[in-house]
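Working notes, beginning with the structure itself.
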Amino acid sequence: MQEEQAKMINESRSRNETIIPSTLNFNFSKFEQDLLFSAAYIAPLPSIIILYFLTNRSGVKTTFMLCSVMSFLSTILTPIATHYGFWYFWAARFFQGLPTAILGIVVSVVTCHWSTLSENGTYVSILAAHYQIAPLLTMPLSALMCSVGGWSSVYYTQGTITAILIVLFAVFYTDKPSESRYVSKGELKAIEDGKSLEEKHVEKSKTPFVAIHKDSAVWAIWITSVGGTIGFSIFLQYGPTYLNKVLHYNLSTTGWTAAIPYIFSCIARIVAQPLSANCSFLGERLAAIVSTSISQGTMAIAFLVLMFIPQTWSSVGQLCYSLVIVANGLNGVGITRSAQLVCKQHMSFVYTARAFYNGSVGLFLPLLVNFVAPNDTHSEWSRLFLIIFCIVFISNLIFIIFSRAEAAPWTIGTAEVDDRSEQDLEDQKSISTATTVEKF
Numbered sequence: 232m233q234e235e236q237a238k239m240i241n242e243s244r245s246r247n248e249t250i251i252p253s254t255l256n257f258n259f260s261k262f263e264q265d266l267l268f269s270a271a272y273i274a275p276l277p278s279i280i281i282l283y284f285l286t287n288r289s290g291v292k293t294t295f296m297l298c299s300v301m302s303f304l305s306t307i308l309t310p311i312a313t314h315y316g317f318w319y320f321w322a323a324r325f326f327q328g329l330p331t332a333i334l335g336i337v338v339s340v341v342t343c344h345w346s347t348l349s350e351n352g353t354y355v356s357i358l359a360a361h362y363q364i365a366p367l368l369t370m371p372l373s374a375l376m377c378s379v380g381g382w383s384s385v386y387y388t389q390g391t392i393t394a395i396l397i398v399l400f401a402v403f404y405t406d407k408p409s410e411s412r413y414v415s416k417g418e419l420k421a422i423e424d425g426k427s428l429e430e431k432h433v434e435k436s437k438t439p440f441v442a443i444h445k446d447s448a449v450w451a452i453w454i455t456s457v458g459g460t461i462g463f464s465i466f467l468q469y470g471p472t473y474l475n476k477v478l479h480y481n482l483s484t485t486g487w488t489a490a491i492p493y494i495f496s497c498i499a500r501i502v503a504q505p506l507s508a509n510c511s512f513l514g515e516r517l518a519a520i521v522s523t524s525i526s527q528g529t530m531a532i533a534f535l536v537l538m539f540i541p542q543t544w545s546s547v548g549q550l551c552y553s554l555v556i557v558a559n560g561l562n563g564v565g566i567t568r569s570a571q572l573v574c575k576q577h578m579s580f581v582y583t584a585r586a587f588y589n590g591s592v593g594l595f596l597p598l599l600v601n602f603v604a605p606n607d608t609h610s611e612w613s614r615l616f617l618i619i620f621c622i623v624f625i626s627n628l629i630f631i632i633f634s635r636a637e638a639a640p641w642t643i644g645t646a647e648v649d650d651r652s653e654q655d656l657e658d659q660k661s662i663s664t665a666t667t668v669e670k671f
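First residue of the sequence shown: 232, per my numbering; consecutive thereafter.
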């Protein structure tokens, strides 16, 4: 994708001469392109733990607003930064990636506060669909705007959309349903029904960091997630490059061709969660394993086919590319269900760590691609697909062996809050007073 971006910049340079002098050199080397793309993945790694504690202290709304404003400014200023040179462009990319560390935290915390117990999975699926919706909007929009207004218009348009969404979020969102004027008493009761003390007060639960990292079921969730992320990211990052360089799709249609599978991926993610939840006859653990195996098994088979097809079979290559993207939509269903059952109120930390490990893929993948497929030839990509097939297969096998569907012992008794009613407190106060009087 970074190569496509560099080409788009070069091809649309003539349209931007009034904004950016034509003497600037946008012919970034392969290494510089990798640095630019990795910048957005380096940024969340040091910030993700800070944002986790900041969210617990200040709430989702304040922290997410801060990150959103940072995203808006870095996006809208990217064309200007590029005018000053490569490292300014790299810094803009870095600050674009910095706020993404909050996304996994937001998904888990918002779900804990706002969903009913029976709809947890549906909430996660809908909120996590941003992984599909973002490239679905960005890829065709970039192709269109580069053709019409030049590459810089992509950033201005995206920045404007971000600003509008920030305003809507500020107006309508509250950290808790009880604070929202749009939630009735009946709806609030339905949301809180059946939730434990720890689940009602997620922000006041003490996180057992050591116990979580000693749990094999949690590591199975993390490892499987990383395996799926590698399989998905190879086409999220390099999909346009593969379509253009290996399958020889022309650049004007690459953006649209790369975006179409994300429509089906988004639909698959939202539809699969309720279907998985209704498979109670399988049992929770087996349902999670089946869901994850279907997703990663489909992904692995697609990579296996891509290894052996000749270069002229571009239609089959496009089909396998689409299958990988769609399969990723199903990938989070089983993993998410397992995480909810095992981690309960600590799912926000588990998802934060998951985002950290997944983010490291962005550092590892450019190095792998640059080493295995430096010339973007068909044979090089076949070797790359073999490596990714092995990673996806092994990570899924680990999930099958170590996954669980029961709440971990470290989820019990961690809420540092007094949940007694006012009447209970009054009664306790009377008893204490009577006891004191008797002593005297």
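Where is the CB? At the ideal position from N, CA and C, for every residue including glycine.
Does the separation of the CB atoms of Ser496 and Ile556 fall below 8 Å? By 1-based counting over the sequence shown, the position of residue 496 is 265. By 1-based counting over the sequence shown, the position of residue 556 is 325. Yes, these two residues count as a Cβ contact at 8 Å.
DSSP three-state assignment for Pro412, whether helix, strand or coil: What you label residue 412 is simply residue 181 of the sequence shown in a count that begins at 1. Rather than Pro, the amino acid found at residue 412 in this sequence is Arg. The answer is coil: DSSP assigns Arg412 none of H, G, I, E or B.
On the CB-based measure, 16 or more other CB atoms within 10 Å of its CB, does Tyr677 come out buried or exposed? This structure leaves residue 677 out entirely; the chain is present only between 232 and 671.
Short check: CB of Gln527 to CB of Gly459, under 8 Å? Along the sequence shown, read from residue 1 onward, the residue named residue 527 stands at position 296. Along the sequence shown, read from residue 1 onward, the residue named residue 459 stands at position 228. Closer than 8 Å, so yes.
Ignore the nearest five residues each way along the sequence and tell me which others in Thr567's own chain have a CB closer than 7 Å to its CB. By 1-based counting over the sequence shown, the position of residue 567 is 336. The answer, listed in chain order, is Gly352, Val355.
Leu478, DSSP secondary structure in three states: Working through the sequence shown from its first residue, we reach residue 478 at position 247. Of the three classes helix, strand and coil, the one that applies to Leu478 here is coil, per DSSP.
Can you tell me the Cα-Cα spacing of Asp649 and Lys416, whole angstroms? Within the sequence shown, numbered from 1, the residue matching residue 649 stands at position 418. Within the sequence shown, numbered from 1, the residue matching residue 416 stands at position 185. Below a pLDDT of 50, predicted positions are generally treated as unreliable, and Asp649, at 42, falls in that range; the measurement from the model is reported next regardless. Their backbone Cα atoms lie some 22 Å apart in a straight line.
Starting from Thr608, follow the alpha helix (DSSP H) in both directions and report where the run begins and ends. For the purposes of this step, residue 608 is taken as the residue at position 377 of the sequence shown. Element bounds for Thr608: n/a, residue is neither H nor E.
Kindly provide the ranges of any beta strand (DSSP E) runs that are 3 or more residues long and lie completely inside the segment 323 to 395, ordered along the chain. none
First through last residue of the alpha helix (DSSP H) which encompasses Lys292: Here residue 292 refers to the residue found at position 61 of the sequence shown. That run of the alpha helix (DSSP H) goes 291 to 307.
With distances taken Cα to Cα, identify the nearest neighbour of Ile333 among Phe259, Ser522, Leu358, Met538. For the purposes of this step, residue 333 is taken as the residue at position 102 of the sequence shown. Nearest C-alpha to Ile333: Leu358.
Of the choices Gly565, Phe539, Ala394, whose alpha-carbon is the least far from that of Trp612? Walking along the sequence shown from the start, residue 612 turns up at place 381. Selected option, being the one with the closest Cα: Phe539.
Restricting to Cα atoms, I'd like to know which of Leu478, Ser522, Ala518 is closest to Ala499. For the purposes of this step, residue 499 is taken as the residue at position 268 of the sequence shown. The shortest Cα separation from Ala499 among Leu478, Ser522, Ala518 belongs to Ser522.
Report the CB separation of Val457 from Val623 in whole angstroms; it is logged as a contact under 8 Å. Taking the first residue of the sequence shown as position 1, residue 457 is located at position 226. Taking the first residue of the sequence shown as position 1, residue 623 is located at position 392. With a Cβ gap of about 10 Å, Val457 and Val623 do not count as contacting.
Delimiting residues of the alpha helix (DSSP H) encompassing Thr543: Locating residue 543 in the sequence shown gives position 312, counting from the first residue. Careful: Thr543 lies outside any alpha helix (DSSP H) and carries neither H nor E.
In this structure, does DSSP put Ser613 in helix, strand or coil? Taking the first residue of the sequence shown as 1, we reach residue 613 at position 382. Correct three-state label for Ser613: helix.
Could you check the C-alpha separation between Trp450 and Val581 for me, to the nearest Å? To locate residue 450, count along the sequence shown from 1; it is residue 219. To locate residue 581, count along the sequence shown from 1; it is residue 350. C-alpha separation (whole angstroms): 10 Å.
What would DSSP say about Gly425, mapped onto helix, strand or coil? Translated into the one-based positions of the sequence shown, residue 425 becomes position 194. Coil.
Beta-carbon separation (whole angstroms), Val564 vs Val547, contact threshold 8 Å: The residue you call residue 564 lines up with position 333 of the sequence shown. The residue you call residue 547 lines up with position 316 of the sequence shown. Not a contact, Cβ separation roughly 27 Å.
Which runs of the alpha helix (DSSP H) spanning at least 4 residues fall entirely within the segment 528 to 605, listed in chain order? 545 to 574, 578 to 590, 592 to 603
Cut-off 7 Å between Cβ atoms - residues of its own chain near Ala360, not counting five sequence neighbours on either side: Residue mapping note: residue 360 aligns to position 129 of the sequence shown, counting from 1. Within the same chain, Ala360 has close Cβ partners Cys497, Arg500, Ile501.
Close Cβ partners of Leu419 (< 7 Å) along its chain, the five nearest in sequence each way excluded: Here the question's residue 419 lines up with position 188 in the sequence shown. Result list for Leu419: Pro408, Ser409, in chain order.
Decide if Asp424 is buried, meaning its Cβ has at least 16 other Cβ atoms within 10 Å, or exposed. Locating residue 424 in the sequence shown gives position 193, counting from the first residue. Exposed: under 16 other Cβ atoms inside 10 Å.
Nearest-angstrom Cα separation, counted from Ser610 out to Tyr283: In the sequence shown, residue 283 corresponds to position 52, counting from 1. In the sequence shown, residue 610 corresponds to position 379, counting from 1. Roughly 43 Å separates the two Cα atoms.
Cutoff 6 Å; reference Ser626; Cβ partners in own chain excluding five residues on either side: Here residue 626 corresponds to residue number 395 of the sequence shown, with the count starting at 1. If we look at Ser626 and ignore the five residues flanking it on each side, its Cβ neighbours are Ile454, Thr455, Gly458.
Look at the Cβ atom of Met578, then the Cβ atom of Ser339, and state whether they are nearer than 8 Å. Here residue 578 is taken as the residue at index 347 of the sequence shown, counted from 1. Here residue 339 is taken as the residue at index 108 of the sequence shown, counted from 1. Result yes, Cβ atoms of Met578 and Ser339 sit closer than 8 Å.
Cβ-Cβ distance between Ser289 and Ile397 below 8 Å: For the purposes of this step, residue 289 is identified with residue 58 of the sequence shown, where counting begins at 1. For the purposes of this step, residue 397 is identified with residue 166 of the sequence shown, where counting begins at 1. No, they are not a contact pair.
Could you tell me the alpha carbon to alpha carbon distance between Lys575 and Tyr473, rounded to whole angstroms? Within the sequence shown, numbered from 1, the residue matching residue 575 stands at position 344. Within the sequence shown, numbered from 1, the residue matching residue 473 stands at position 242. Answer to the nearest angstrom: the Cα atoms are 40 Å apart.
For Tyr404, I'd like the list of residues in its chain whose CB is within less than 7 Å of its CB, leaving aside the five on either flank, ordered along the chain. Within the sequence shown, the letter at position 173 stands for residue 404. So the qualifying residues of the chain are Lys292.
Can you check the segment 435 to 476 for any alpha helix (DSSP H) of at least 4 residues that lies completely inside it and give the ranges in chain order? 440 to 444, 447 to 472
If distances are taken between C-alpha atoms only, which option among Pro275, Glu263, Ala271 comes closest to Thr583? Reading the sequence shown from its first residue, position 352 is the one you call residue 583. Out of Pro275, Glu263, Ala271, Pro275 has the C-alpha closest to the C-alpha of Thr583.
Tell me the DSSP secondary structure of Asn258 in three-state form. Residue mapping note: residue 258 aligns to position 27 of the sequence shown, counting from 1. DSSP places Asn258 in coil when its eight states are reduced to three.
How should His479 be labelled, buried or exposed, when 16 other C-beta atoms within 10 angstroms of its C-beta is the threshold for buried? Translated into positions along the sequence shown, residue 479 becomes position 248. Per the 10 Å Cβ criterion, exposed.
Suppose you measure from the CA of His344 to the CA of Asn601; what does that come to, to the nearest Å? Locating residue 344 in the sequence shown gives position 113, counting from the first residue. Locating residue 601 in the sequence shown gives position 370, counting from the first residue. Rounded to the nearest angstrom, the two C-alpha atoms are 43 Å apart.
If you draw a straight line from the C-alpha of Ser384 to the C-alpha of Asp265, how long is it? If you number the sequence shown from 1, residue 384 lands on position 153. If you number the sequence shown from 1, residue 265 lands on position 34. Near 23 Å, if we compare the C-alpha coordinates of Asp265 and Ser384.
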